[in-house]
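Numbering (our numbering), first residue to last: 79 to 507.
Ideal Cβ positions, reconstructed from N, Cα and C, are used throughout, including at glycine.
Quick notes on the structure that follows.
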Amino acid sequence: MKQVIAAIKGTRDFYPENMAIRAWLYETIKTISQRYGYQEYEGPFLEPIELYAAKSGEELVKEQSFVFPDRSGELITLRPELTPTLARMVAQRQKQLIFPLRWWSFGPFWRYEKPQKGRSREFFQWNIDLIGLNTPEADAELLSVIVSFFKLVGLSSAQVKIFINDRKLMEDQLNQLGIPPERRSAVFRLIDRKEKMEFKEWQAYAQEEGLNTSQINGIVNLLQNTELWQTSPNLIRIFQALENESASDYIEFDPNIIRGLDYYTSTVFEAKDIGGTVRRSILGGGRYDDLLAAVGGDPLPAVGFAMGDVVISLILQEYGCIPANIYAHPAKVLVTTFSNDTLSHSLKLAHHLREKGVNVITYPEPVNLNKQLKYADRVKIPYAIILGPDEIAIDRFALKSLSSGEQIQLAWDEIDTKLLPLLVGERDS
RNA sequence: GUGCCAGUAGCUCAAUUGGCAGAGCAUCGCACUGUGGAUGCGAGGGUUGUGGGUUCGAGACCCAUCUGGCACCCCA
Numbered sequence: 079m080k081q082v083i084a085a086i087k088g089t090r091d092f093y094p095e096n097m098a099i100r101a102w103l104y105e106t107i108k109t110i111s112q113r114y115g116y117q118e119y120e121g122p123f124l125e126p127i128e129l130y131a132a133k134s135g136e137e138l139v140k141e142q143s144f145v146f147p148d149r150s151g152e153l154i155t156l157r158p159e160l161t162p163t164l165a166r167m168v169a170q171r172q173k174q175l176i177f178p179l180r181w182w183s184f185g186p187f188w189r190y191e192k193p194q195k196g197r198s199r200e201f202f203q204w205n206i207d208l209i210g211l212n213t214p215e216a217d218a219e220l221l222s223v224i225v226s227f228f229k230l231v232g233l234s235s236a237q238v239k240i241f242i243n244d245r246k247l248m249e250d251q252l253n254q255l256g257i258p259p260e261r262r263s264a265v266f267r268l269i270d271r272k273e274k275m276e277f278k279e280w281q282a283y284a285q286e287e288g289l290n291t292s293q294i295n296g297i298v299n300l301l302q303n304t305e306l307w308q309t310s311p312n313l314i315r316i317f318q319a320l321e322n323e324s325a326s327d328y329i330e331f332d333p334n335i336i337r338g339l340d341y342y343t344s345t346v347f348e349a350k351d352i353g354g355t356v357r358r359s360i361l362g363g364g365r366y367d368d369l370l371a372a373v374g375g376d377p378l379p380a381v382g383f384a385m386g387d388v389v390i391s392l393i394l395q396e397y398g399c400i401p402a403n404i405y406a407h408p409a410k411v412l413v414t415t416f417s418n419d420t421l422s423h424s425l426k427l428a429h430h431l432r433e434k435g436v437n438v439i440t441y442p443e444p445v446n447l448n449k450q451l452k453y454a455d456r457v458k459i460p461y462a463i464i465l466g467p468d469e470i471a472i473d474r475f476a477l478k479s480l481s482s483g484e485q486i487q488l489a490w491d492e493i494d495t496k497l498l499p500l501l502v503g504e505r506d507s
């Protein structure tokens, strides 16, 4: 094979079979978002770097964003996340928008990461946010959206789970241990790594961060205390709200959940594959009550989450949740071509059927029928129409079912009554 | 950005201590030029990711590089 120019590292080519999955995922996300009354929106893919600078977290902006100068020298960022854009869009029209505001989006994002399974440099993300409410029941609504999505695609609570925590709860606990607020982000990082390190290593790391033995032990106890949520009025009300809709099976308190983005203020959550092999988190989100003020708007409470397409697609494939019929066939019928002399008859019939709303493929080269039928079979077109001199002579055409092999002769005036019922209906992809 | 592993036909993989690059599936042709899936026969297909080096000789060894995977880092 000749040299093909390679794709950009970490990008994906969506061949039709992959595109069908992406489109199906989009439709599923749209269905769920709309079921809860959320409206679709979209922002620019290019943003000024300042939008993210102070709000998203050092690492995300400095290490993981695609940033380059445009022709005037201004630094342009390929958006690594949507929430700051959303905050800006809301702040710009804060006086005219109607709150509470429910918006969702599904679009591309870029992060300069090392590509591996479940992680690419260009990916799609479902973002959904509820702005203008600061009740725990608003947080519960977003969690309910997630559970509904999992149920719709067929993921059980034995396969995926949402782990939830409250940063305020953790901050109170750290205060009680005598850890001052300015140490908090370092200690949050410490908590984040606890699971990944050997205990002794982690202990040493904690000492380096300036924690004394009783503080370290206090944190260890904290992270093992699965009943801690009962001291959080916020989490209690969230769990209560979710009891109304049999979502509780999917949701579990986990004091280890902290999350990397700096703008979360209270509830934080993350969904994971617990029954399978995919280690990365499926989605993450939480409450961010200060972000609107930070981008120049009036203060507004908000809660939301983001789900990337890469991990969820892997998991859906792993559990066999992707319907087989989403990439069924490119058309309902192939109108074959017998010879150059009969070509116009075939094209005319094909056009007639298309005007009736049928998805039709023609074979604009009179190769032998053998080949044409084999083609139809291989691309899974369910019917073939054969229109040779014999049929033309009696003003009819033959319809062959590729699944049964049966063939019938039809007259043109039987198209509406006999042919269309077979060919219209089930969606082609 | 760090460490480790891998890359051979369209796909999945083989090739003994460094000694003639192969198989299955797929493709194409024929049996079967007015009927697909099955079967049989035959054919085409490769700068072994790329670029250097060692060697009489490299798919294999060495260096660099690209791409992917695993563990970090981070996160959707």
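(request) Give every residue of the same chain whose Cβ lies closer than 8 angstroms to the Cβ of ILE352, excluding the five residues on either side of it in the sequence, and list them in chain order. (result) ALA236, GLN237, VAL238, LYS239
(request) List in chain order: all unbroken beta strand (DSSP E) runs of 3+ residues lying wholly within the segment 196-244. (result) Runs of beta strand (DSSP E) with 3 or more residues, each lying fully within the segment 196-244, are found at 200-209, 238-244, listed in chain order.
(request) Below 7 angstroms CB to CB, which residues in the same chain sit around SER183 once its five sequence neighbours on both sides are set aside? (result) GLU118, TYR119, GLU120, LEU160, ASN205
(request) Measuring alpha carbon to alpha carbon, tell me which of ALA371, VAL413, MET248, SER417 ends up nearest HIS60. (result) Absent from the model: residue 60. The displayed extent of the chain is 79 to 507, so no value can be given.
(request) Compare the beta carbon distance of GLY115 and ARG199 with 7 angstroms and say whether it is the shorter of the two. (result) no
(message) Quick check on the DSSP output: what are the complete beta strand (DSSP E) runs of length 3 or more inside the segment 322-366, in order along the chain?
(response) Runs of the beta strand (DSSP E) spanning 3 or more residues and lying entirely within the segment 322-366 occur at 329-331, 345-351, 359-365, in chain order.
(request) Tell me, please, which residues DSSP counts as bridged to VAL381. (result) LEU208, ARG365
(message) Output needed for ALA284: all residues of its chain with C-beta closer than 7 angstroms, excluding positions within five of it in sequence on either side, in chain order.
(response) LEU268, ILE294
(message) Quick check on THR495: does DSSP put it in helix, strand or coil?
(response) helix
(request) Consult DSSP for VAL445 and reduce its assignment to one of helix, strand or coil. (result) coil
(message) Short of 7 angstroms in beta carbon distance, which residues of its chain neighbour GLY196, apart from the five on each side in sequence? Order them along the chain.
(response) Around GLY196: VAL356, ARG358, VAL388, VAL389, LEU392.
(request) Ignoring anything shorter than 3 residues or poking outside the segment 377-437, list the beta strand (DSSP E) runs there in chain order. (result) Taken in chain order, the complete beta strand (DSSP E) segments of 3 or more residues contained in the segment 377-437 are 380-386, 411-413.
(message) Could you tell me the alpha carbon to alpha carbon distance between ALA264 and GLU287, rounded to whole angstroms?
(response) 8 angstroms
(request) Classify GLY375 as helix, strand or coil using the three-state DSSP reduction. (result) coil
(request) Thinking ALA98 and TYR441 are a contact (beta carbons under 8 angstroms), I'd like their distance in whole angstroms, please. (result) The pair is not a contact, with the Cβ atoms about 23 angstroms apart (cut-off 8 angstroms).
(message) Just to confirm my understanding: we take MET79, look at its own chain, exclude 5 residues before and 5 after, and list those with CB closer than 8 angstroms. What are they?
(response) Note that MET79 has pLDDT 39, beneath the 50 cutoff, so the model's placement of it is unreliable and no number is given.
(message) Tell me the DSSP secondary structure of ILE464 in three-state form.
(response) strand
(request) Assign TYR33 to one of two classes, buried (16 or more other C-beta atoms within 10 Å of its C-beta) or exposed (fewer than that). (result) This structure gives no information on residue 33, because the portion of the chain shown stretches from 79 to 507.
(request) List the endpoints of the continuous beta strand (DSSP E) containing PHE146. (result) 144-147
(request) Excluding the 5 residues preceding and the 5 following PRO499 in the sequence, name in chain order all residues of the same chain whose CB lies nearer than 7 angstroms to its CB. (result) none
(message) Give me, in chain order, the residues of the same chain whose beta-carbon lies closer than 7 angstroms to that of ILE86; leave out the 5 immediate sequence neighbours on both sides.
(response) Cβ neighbours of ILE86 beyond the five flanking positions: none.
(message) Output needed for VAL223: all residues of its chain with C-beta closer than 7 angstroms, excluding positions within five of it in sequence on either side, in chain order.
(response) ILE110, TYR114, ILE206
(request) Have a look at TYR104, LYS192, LEU211, SER234 and flag the residue whose alpha-carbon is nearest the alpha-carbon of SER326. (result) Ranking the options by Cα distance to SER326, first place goes to SER234.
(message) Relative to the C-alpha of ASN299, which candidate in GLU323, LYS496, ASP332, VAL168 has its C-alpha closest?
(response) ASP332
(message) Would the segment 207-217 count as touching the segment 300-308 if we require 3 or more Cβ pairs under 8 angstroms?
(response) no
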